[in-house]
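The working numbering applies: residue -5 is where the sequence shown begins, and numbers increase by one.
Cβ atoms here follow ideal geometry from the backbone N, Cα and C, with glycine treated the same way.
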Amino acid sequence: PLRWATIDVWYIVFYLRSIKQRPRREAAMAALTMTAFVAAAVVLMTNGYASEVVWLYLVPQRFGLVVLAWWFDYLPHHGLTVTQREDKYQATRVRVGGEAWLTPLFVYQNYHLVHHLHPSVPFYRYVRAWRRNEQAYLDRNAAISTWFGRSLTPSEYRTWRRLTDDLAPTTGRTSAQRPVFHPLRVRSVEPLTVDSKLVTFDVPTDLEHEYRYVQGQHITLRAVIDGADVRRSYSIVSSVSANTLSVAVKRIPGGVFSTYVNEKLGAGDILDVMSPTGRFQLALDSQATRSYVAVAAGSGITPLMSIMTTTLESEPNSTFTLIYGNRTPEAAMFGPELAALAGDRFQVHHVLSQTPGAALSGRITAELVRSLAPSSVDAWFLCGPQELVDDVNAAVTGTVLTEVFHTEPSQADIGIDIESQVVVALDGIESTFALRSGGDTILDAAIQRGLEPPYSCAGGACGTCRAKVLLGKAVMDQNHALDEDEIANGYVLTCQA
């Protein structure tokens, strides 16, 4: 820091040593400037203004030089041993996090790497330039650290960015941001158990931004099967850092889509895949120390795979306990992966309903969950059949996130049958039609009129068809996807309203 306070002196010494090699006009101007400065200082000091020169100019200037050296030199470059000629992407860094205050405080020098890559870009456009070219910088292994100094690899940065910036849009999409289908090629179909498959998709580079996801989200798959348009939602099982779009599909007796995937789908096939949606997640904090518990039955493990692996990667001081119910050990999806995760920070308890002699036999109950869970739990994740989720939810306290599988349709009795005018806005285009309260749902009516609203399960469980009521009121038959805050803010499931 003391050297920083005299950096102008070092610069003058450096300049004077090479002044003979500088252009004459430049050297003359530099000499004139330095002479004028020294003369002004001498005149002021010899006329009784020495203290003013020191306290109003020299001391603030020293302080300013220290701050500028810290911003422009130390923070962007300290600890990096690569020169600009060797690797311009590793010669300086960007610092991410706390940007609402860090960016104006550092006069955008937290993105100093952009200055080295594009010297002509003005400082107030550094952030915009970084965001527009972010993928290219990451592909070239740009140097990145958090605002508190922790270095991030490009993979870790992608995880960090999605868990912060990308979380907000997924919890509040506008009509312009609604999920859309794109045809994707199946990269692989691998067996998990005798009745489930792991399906991985190839995402083209130009669509990568569409398929960025956070833990706990799902995608909707669509295919024409026996002449019918069939779509189903499946949870993404990959950790966010893996940057791989994979889902697990368990065959359900009589299930058209799950049977098609398990018996006919193969690598190279094309499926329509909707961009990720879902709010079955909590914001993560790398500095947090938390205790999480997940309760799952059967294919309820699928969203939890992404949640657990991402959480353990992103919060190195947190722990996770999983209580997982299946009929037999062979029926448990991701058995080897869960065994590999087990350790000081992750425990799994297998509850087997059709395996005599198992350490934990029978079905998962609220009493069993309380006995297996740690004494202090910061958040619960419950995923499985409605009865299981309801029973455990009623027995635990604190933050509880739920997701229901295999919801059976029901019908709410609102007691009256009236006709209303419904205005649906999709991608900024409004469509108006009449709808009776005892007739079709908003979703069905919109589809019948040739519109293409997002939807998947049509059973009130996945939340893909979520929409916001801007004027008037809509009553839902059932709801297993929206929380109380979302309902209070006017959101409904169009498949149930």
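1. Three Cβ pairs or more, each shorter than 8 Å: is that satisfied between the region 357 to 367 and the region 302 to 320?
2. Please list the terminal residues of the continuous alpha helix (DSSP H) segment that includes ILE230.
3. On the DSSP bridge assignment, give the partners of MET268 in chain order.
4. Locate the beta strand (DSSP E) running through HIS343, then write down its first and last residues.
5. So who's on the other strand from PRO185, going by DSSP bridges?
6. Thinking C-alpha only, which one of ARG126, MET268, VAL90 is nearest HIS106?
7. Whole angstroms are fine: how far does the CA of ASP133 sit from the CA of GLY326?
8. Taking Cβ to Cβ, would you say LEU259 is nearer than 8 Å to VAL197?
9. If you pair each beta-carbon of the region 191 to 209 with each one of the region 226 to 239, do three or more pairs fall below 8 Å?
10. Using the Cβ count rule (16 or more neighbours within 10 Å means buried), how would you classify SER404?
11. When DSSP builds the beta bridges, which residues end up paired with TYR485?
12. Using C-beta distances below 7 Å, list every residue in its chain close to ALA(-1), excluding the 5 sequence neighbours before and after it, in chain order.
13. Please name the residue or residues paired with ASP196 in a DSSP beta bridge.
14. If VAL345 sits next to LEU362, beta carbons under 8 Å apart, how far is it from one beta carbon to the other, in whole angstroms?
15. Within 10 Å of its beta-carbon, does ILE295 have 16 or more other beta-carbons around it, so buried, or fewer, so exposed?
16. Checking 8 Å against the spacing of the C-beta atoms, do ALA373 and GLY392 come in under that value?
17. For GLU397, write down the residues that DSSP places opposite it in a beta bridge.
18. Using the Cα positions of ASN41 and VAL53, report the straight-line distance between them to the nearest angstrom.
19. Consult DSSP for THR86 and reduce its assignment to one of helix, strand or coil.
20. Report yes or no: do the region 301 to 318 and the region 278 to 286 share at least 3 C-beta pairs separated by less than 8 Å?
21. Rounded to whole angstroms, what is the Cα-Cα separation between SER369 and GLY329?
22. Got a sec? Which residues, its chain only, sit under 8 Å from VAL180 by beta carbon, not counting five neighbours each side?
23. Just verifying my parser: in three-state terms, what is the DSSP assignment at LEU425?
24. Determine the extent of the alpha helix (DSSP H) in which HIS109 is found, giving its start and end residues.
25. Mind checking GLU397: buried by the 16 CB within 10 Å criterion, or exposed?
26. Which residues bound the beta strand (DSSP E) around THR315?
27. So, with DSSP's three-state summary, where would you put LEU476?
In short, the structure shows the following:
1. Between the region 357 to 367 and the region 302 to 320 there are three or more inter-stretch CB-CB distances shorter than 8 Å, so the stretches are counted as touching.
2. Neither: ILE230 is in no alpha helix (DSSP H) and is coded neither H nor E.
3. Beta-bridge analysis with DSSP links MET268 to PHE175.
4. 340 to 346 is the extent of the beta strand (DSSP E) around HIS343.
5. Partner(s): LYS191.
6. When only C-alpha atoms are compared, the closest one is VAL90.
7. For the sequence presented, residue 326 should be read as Ala rather than Gly. Taking the straight line joining both Cα atoms gives about 37 Å.
8. Going by C-beta atoms, LEU259 is not nearer than 8 Å to VAL197.
9. With the cut-off at 8 Å, the region 191 to 209 and the region 226 to 239 touch.
10. Only weak support exists for where SER404 lies, its pLDDT of 42 falling under 50; the value from the coordinates is given anyway. Exposed is the call here.
11. TYR485 pairs with LYS462.
12. Taken in chain order, the residues that qualify are ARG56, LEU59, VAL60.
13. For ASP196, the pairing in a beta bridge is given by DSSP as ARG179.
14. At roughly 7 Å, the Cβ-Cβ gap stays under 8 Å, so VAL345 and LEU362 are in contact.
15. It counts as buried.
16. Yes, Cβ-Cβ distance for ALA373 and GLY392 is below 8 Å.
17. CYS377.
18. Distance between the alpha carbons of ASN41 and VAL53: 20 Å.
19. Coil.
20. Verdict: yes, contact present.
21. The straight-line gap from Cα to Cα measures roughly 26 Å.
22. Correct list, in chain order: VAL193, THR194, PHE195, ASP196, LEU259, GLY260, ALA261, GLY262, ASP263, ILE264, LEU265.
23. Before going further, note that residue 425 is Ser rather than Leu in the sequence given. Reduced to three states, the DSSP call for SER425 is strand.
24. HIS109 -> alpha helix (DSSP H) spans 106 to 111.
25. Counting the other Cβ atoms within 10 Å of the Cβ of GLU397 gives 16 or more, which makes it buried.
26. For THR315, the enclosing beta strand (DSSP E) starts and ends at 313 to 320.
27. Taken through DSSP and simplified to helix, strand or coil, LEU476 comes out as coil.
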